[in-house]
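Worksheet for the structure shown next.
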Amino acid sequence: MRVVLLVALLLFALVPLTSSQALIQNVIYNVQSVKGVFHSNVTNENYMVGCFQGDVYVWENTSLVLMGQGVIGSAGLEGNYVVIEGYVVVNGTPFLRMWILNVVNNREIEIPISTNYTLVGNVGDYLFLEYNSSSGSSVTALNMSTGKFVGVSVYLGQGKVGVEMLNSTADSANLLIWSVNGGIVQVSLEQLFVYSGTLLSGPPTALVSSPGKLIKVHGGLIIEGPQSYIITDSGKVLYVPGLTEVNSAWIDGNTALILNGSSLVIASSSVSMIPLPSPGQLAIPGPFNVTYVVSGDQTYVVRGSTLVSSITFSASSLLYESQGTAYLLSQGLEEINLFTGEVSSTPIQGNLVGFVPFQGGILLYTLVNDQVYVYSASSPGFTASITLNYPGYWVLELGNVEVNVTGTLVLTLPSGEYTFTVRPEPGYNVITGEISPTNSTLLLTPVKSLYTLLIVGFGAPYWSLEIDGHLVNSTGLVVLSESVGVYGFSVIPPEYYNYTVKVITGQLSQGKVTVTPSSNAVTLNGRTYRNVSLYVEINFTEERFPLRVESQIPFTLNLNGTPYNVTGNSTLYLYPGLYYVKVSPPNGYNVTYPLKVVVPLNSSLTVSFTKSENVTRNTLNLTRTTIPPSSNVSSLGENSTTQPAQILTISSFYVKVITLIIFLAVAIIIGLKVR
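Residue numbers for the sequence shown follow UniProt numbering, so the first one is 1 and each next one is one higher.
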């Protein structure tokens, strides 16, 4: 039991050590100081320059090369050469020395020198070195094939002078030169040539001459002052007004990120100034238009010219960024995914004395108790491509990145799985998906979004609608779904109906409806319709037609039970349909009229009246009236005529005879009853 407990305690004790040293690649022993760590693109090896117990060494990876005794002042690597500047002490007197290691053939050179030199660059087998004298600063060249300096120097200027090689060919170099003298900052470009063992210079090109403060930053220079400028390491000059409180800056190509007071200034072809909640100390360039700004224990996420969010994260310096990952120094090594903002931390031992970046990672060199630990941190990226199978633009949203794209987007992401959103132009559905190293090439086809069209009809029993050639019949509400576009629109009313169209929402003009993206909601009859692009109301009104009634005298006309008082020739306006006619003539008139009319087929109704003739004699008058046939059985155009009463005349003789007969009959009946 004790053995098991001891083993468990031992494993528990080793966990922190294993975690902290998980990234340690190498350990270099017997190192007291380190003056530089470099990577050679010629040999693809890493070189560290340092001292141990009074000796100067160059380590190729972990292999040791003794350069000699001495004290190192500065070190650098250019082309095939590691160049170390320092001194040796002989009998208590220091003598300047330069040690040079050819990394190709491991040839070592020690050169006595009379002044301190700073390595500028190399042109072929010539090293360009800058030095100061009483007259100012100059550049000379050291011929590595002979180990001798050329006899000519190129004067750079007085005051505090700096020089940087921008690029070089086999026999020339372009230098960026700056100086500060009397508060005036001057920046220029100058081309130097190596010809026949001597050094020549072309006429300098002045870039900037302005009062202010010169600040050397990653990727270029900043002149802070009333007239402030940015000079990139390609020699491009950007005028950026208002740089009076520069805290930090990072220039990458022709884009500069500058923390100026409580603002982030982004300068490229244009200048944007983004206010920050608090002053920033470190700007980290992200992919596309994303920038991270470290301020205290908070890091602000800026997209374009807008501050979109913040995360709890802090770092003191940016070492390197590659393939979507930034490597920063804090209490340990901090890695931040520049697409998502996710952070991982790795503790390191000792003080950082140098680093070597490589594709997808970084090597850190730390010094602890005469030992150098070489940490390796890598976040290899993978190349992904997203193509939308349609001709329009689209927007990719991935983590903190939001970028406008047309066609295919190719991007390098830190290894992992990512969820993304693609937003095509309006009128198409949003696409979501995942991308990873095993699913890195995507071809997406957008689907058109459908938007609702609401057409409501009032006042007609039925009607039709034609949308882009398609006929729709309706008795009230029409609900359609259409994609973005322009469609023909026409209303087909019932016969003898007019209509008016009222647009509540949407675009309808000249027989065309324009369907546009919409998030409108409309509630009709208790139901809610969403994404309504068009909402119209169609009001139908039945047309009335004239019926001319022709008559010579006033009378009452009855049409389907509705009376109309007619005085002479009149015009009635009636809805279309079949009407049964009835006329009540005035006393003493006969009337003739059609029993029915059809509107608008019949446009007139003729009612004819004639005076009746009454014959009066001194006789008994009996009246017989002839009633016209009912109008509901008459055919169209059939006339009805009312005739006057017919009067019968009887002579007085016949009246007396009839009276006698009646009298006798009554007497006989009474007599029979008495018996």
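We treat Cβ as the ideally placed atom computed from N, Cα and C, and that holds for glycine.
Here the structure is a predicted model, which means the values were calculated and not measured.
Per the C-alpha coordinates, the member of ILE455, GLY459, PHE489 and TRP463 positioned closest to HIS470 is PHE489. When the five nearest sequence neighbours on each side are left out, the beta carbons in the same chain lying within less than 6 Å of the beta carbon of ALA206 are those of SER188, in order along the chain. Under DSSP, VAL583 shares a beta bridge with LEU557. The Cβ atoms of VAL522 and VAL532 sit closer than 8 Å to each other.
Buried is the label assigned to LEU453, since at least 16 other Cβ atoms lie within 10 Å of its Cβ.
Bounds of the beta strand (DSSP E) holding GLN191 are 184-195.
With a beta-carbon spacing of about 12 Å, ALA249 and LEU238 fall beyond the 8 Å limit used to define contacts. LEU524 places its beta carbon 8 Å or farther from that of LEU480.
Closest in C-alpha terms to ILE504, from the list GLU495, PHE545, GLY511 and VAL456, comes VAL456.
With contacts defined by Cβ atoms closer than 8 Å, LEU318 and ILE284 form a contacting pair.
Exposed is the label assigned to VAL501, since fewer than 16 other Cβ atoms lie within 10 Å of its Cβ.
CA-to-CA, the gap between SER272 and VAL308 works out to about 16 Å. Counting other Cβ atoms within 10 Å of its Cβ, ILE100 reaches 16 or more and is therefore classed as buried. Inclusion of PHE420 and LEU450 in the CB contact set at 8 Å is not warranted, their separation being larger than that value. In the DSSP assignment, ILE431 falls within the beta strand (DSSP E) that extends over 431-435. Per DSSP, the unbroken beta strand (DSSP E) holding TYR57 starts and ends at 55-60. Remark: C-beta atoms of TYR497 and THR541 approach each other more closely than 8 Å.
Take VAL591, set aside five residues on each side of it, and the residues of its chain with a beta-carbon closer than 6 Å to its own are VAL583, PRO585, PHE609 and THR642, in chain order. In this structure, the CA atom of GLY235 is about 25 Å from the CA atom of TYR195. Under DSSP, LEU388 shares a beta bridge with LEU444. In this structure, the beta-carbon distance from ASN247 to GLY197 does not fall below 8 Å. Annotation: VAL240 to VAL265 spans about 9 Å, alpha carbon to alpha carbon. VAL302 and LEU129 have their alpha carbons spaced roughly 41 Å apart.
The segment 364-371 makes contact with the segment 28-37, as at least three CB pairs between them are under 8 Å. Between GLU342 and ALA315, the C-beta spacing is not below 8 Å. DSSP places PHE663 in the helix class (H, G or I) of the three-state scheme. A contact between stretches requires three or more CB pairs, one per stretch, nearer than 8 Å, and the segment 404-417 fails this requirement with the segment 352-359. When rounded, the separation of the alpha-carbon atoms in ASN102 and SER295 is 44 Å. LEU465 sits in a strand when the DSSP states are folded into three classes.
Residue pairing from DSSP places GLY488 in a beta bridge opposite LYS512. DSSP places TYR375 inside the beta strand (DSSP E), whose first and last residues are 371-378. Cβ contact annotation for ASN181 (same chain, cutoff 6 Å, sequence separation greater than five): GLN158 and GLY159, in chain order. Here VAL607 has VAL549, GLU550, SER551, PHE555, LEU557, VAL566, VAL583, VAL591, THR592 and TYR593 as same chain residues with Cβ atoms under 8 Å from its own Cβ, once five neighbours each way along the sequence are excluded.
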